């Protein structure tokens, strides 16, 4: 079958359009059911405006073909076809959404070829999937960027756009979960991370998700079209099974089965567990650092105590030496004291002897004095003799005084 859209693209002479070869080959199969319909088409990302012109050539009966770009230069683009409109601004703002709704309340085809950043792609889907008509297509291009860091992606990044749409696949099989979890709960990590919301009704309208290299195509249908439906069993011959026909008309909910809780294996559960473990590790690391710090502090205190103890031991040894010296000095002093006491005792004997001699001398002096007086009164002696006797008496007094001084000195000792 001839690829009409590829032919239109390759023969395009107007404004520049940049698309990968695979997209061009897939477009006709994706969009051909809508080619002759009076569609409303919304493309996020205008660039030079070439794709908007190509859509006008392909969708001849389109009512509105709207492009949106944050680059103000796109506002200067002019199009001959009056069905083409360009909105300038951030597609994920309320003002742009209001401007879009003013042109058309709903759309048959929405194509995201914008910034390719995961946050913009996921927020745009949350904003605009609800504006998609039943049987409409939501197409995301250039999902290869979801694996690149500069577009907020990575092969194992749980918050990348490709990870989001892979998680969205489970929503199409919601009736088989049987775990009392809602669709909204299933997407809640993205809602919290990107500050977006989804309704159960809109999520229940996801009919099909198709992945092609760098492309994701999501088809919307009324909720009743998205259930697995009744079981059809036809034919009458049953050589292998027995009474299998009884299952005809049953639903998936009639199939008895067991559901294992594997929520702990969910990537976001693992992220939460990892965050808890990381917090525990950080807490343990802080405790370990404190323990090391306390240990070093205790080691320093022990070192100080050892140093102090060594100093005290040196002081004790020094004091013991001094004490021994004092003990020896004490013994010497005791010996000297004993010698002094012996000397004192000897001196006391000498003093007693001297006192006795002094008393005798004093007695003799007194006797001599009496004799002198007696001789003076009784004898008529010459003056010269008296002076001689006086001189002798003075010498005797001097001798007595000397003895007294000697006694005093001995008593002091």
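Numbering (the working numbering), first residue to last: 351 to 763. Heads up, the beta-carbon is just placed ideally off N, CA and C, and yes, glycines get one too. A quick note: this is a predicted structure, and the numbers were derived from the prediction, not measured.
Note: residue 569 is bridge-paired with 487 and 558 in the DSSP secondary-structure output. In the structure shown, residue 387 adopts coil according to DSSP, grouped into three states. With fewer than 16 other Cβ atoms from the protein chains shown falling within 10 Å of its own Cβ, residue 720 counts as exposed. Judged by DSSP secondary structure, residue 616 falls outside any alpha helix (DSSP H); it is assigned neither H nor E. Cβ-Cβ distances below 7 Å link residue 433 to 406, 412, 413, 414 and 415 in the same chain, with the five nearest sequence neighbours on each side left out; the list follows chain order. Comparing alpha carbon positions, the residue from 466, 486 and 595 closest to residue 586 is 595. Distance from the CA of residue 695 to the CA of residue 748, rounded to the nearest whole angstrom, comes to 28 Å.
Judged by DSSP secondary structure, residue 564 falls outside any alpha helix (DSSP H); it is assigned neither H nor E. Within the DSSP bridge table, the entry for residue 462 names 394 and 490 as partners. Here the alpha carbons of residue 573 and residue 467 stand approximately 30 Å from one another. One thing to note: residue 521 has its Cβ no nearer than 8 Å to the Cβ of residue 546. The distance from the Cβ of residue 403 to that of residue 365 is about 6 Å, consistent with a contact at the 8 Å cut-off. With at least 16 other beta carbons inside 10 angstroms of its own, residue 539 counts as buried. Look at the beta carbons and you see the region 482-496 not touching the region 418-425: under three pairs across the two are nearer than 8 Å.
Every unbroken stretch of the alpha helix (DSSP H) spanning 4 or more residues and falling wholly within the region 397-457 is given here in chain order: 400-408 and 444-453. Distance from the CA of residue 421 to the CA of residue 358, rounded to the nearest whole angstrom, comes to 27 Å.
Setting aside the 5 residues that flank it on each side, residue 362 is surrounded in the same chain by 400, 403, 404 and 407, each with a C-beta closer than 8 Å to its C-beta; the list follows chain order.
Short of 6 Å from the beta carbon of residue 355, and not among the five residues preceding or following it, lie these beta carbons of its own chain, in chain order: 377, 378 and 408. Residue 375: member of the alpha helix (DSSP H) spanning 371-381, first to last residue.
The beta carbon of residue 609 lies closer than 7 Å to those of 528 and 529 in the same chain, with the five residues before and after it left out. The C-alpha of residue 579 is placed about 26 Å away from the C-alpha of residue 384. Residue 626 has its alpha-carbon roughly 10 Å from the corresponding atom of residue 632. In the DSSP assignment, the residues bridged to residue 601 are 580. Assigned with DSSP and collapsed to three states, residue 482 falls in strand. Taking C-beta atoms as the reference points, residue 718 and residue 743 count as a pair closer than 8 Å.
A distance below 7 Å between beta-carbons, with the five flanking residues on each side excluded, links residue 457 to the following residues of its chain, in chain order: 390, 391, 392, 481, 482, 483 and 486. If you look at residue 521, you'll find it in the alpha helix (DSSP H) that goes 511-522. Contact between residue 577 and residue 525 holds, since their C-beta atoms are separated by about 6 Å, short of 8 Å.
Rounded to whole angstroms, the gap between the alpha carbons of residue 590 and residue 606 is 22 Å.
In this structure, residue 502 places its C-beta atom within 8 Å of the C-beta atom of residue 469.
Straight-line measurement puts the Cα of residue 676 at about 32 Å from the Cα of residue 654.
Taken through DSSP and simplified to helix, strand or coil, residue 630 comes out as helix. For the 8 Å CB-CB criterion, residue 450 and residue 471 do not form a contact. In this structure, residue 601 and residue 628 do not form a Cβ contact; the two beta carbons are roughly 45 Å apart against a cut-off of 8 Å.
By the neighbour-count criterion, in which 16 or more other beta carbons inside 10 Å mark a residue as buried, residue 611 falls on the exposed side.
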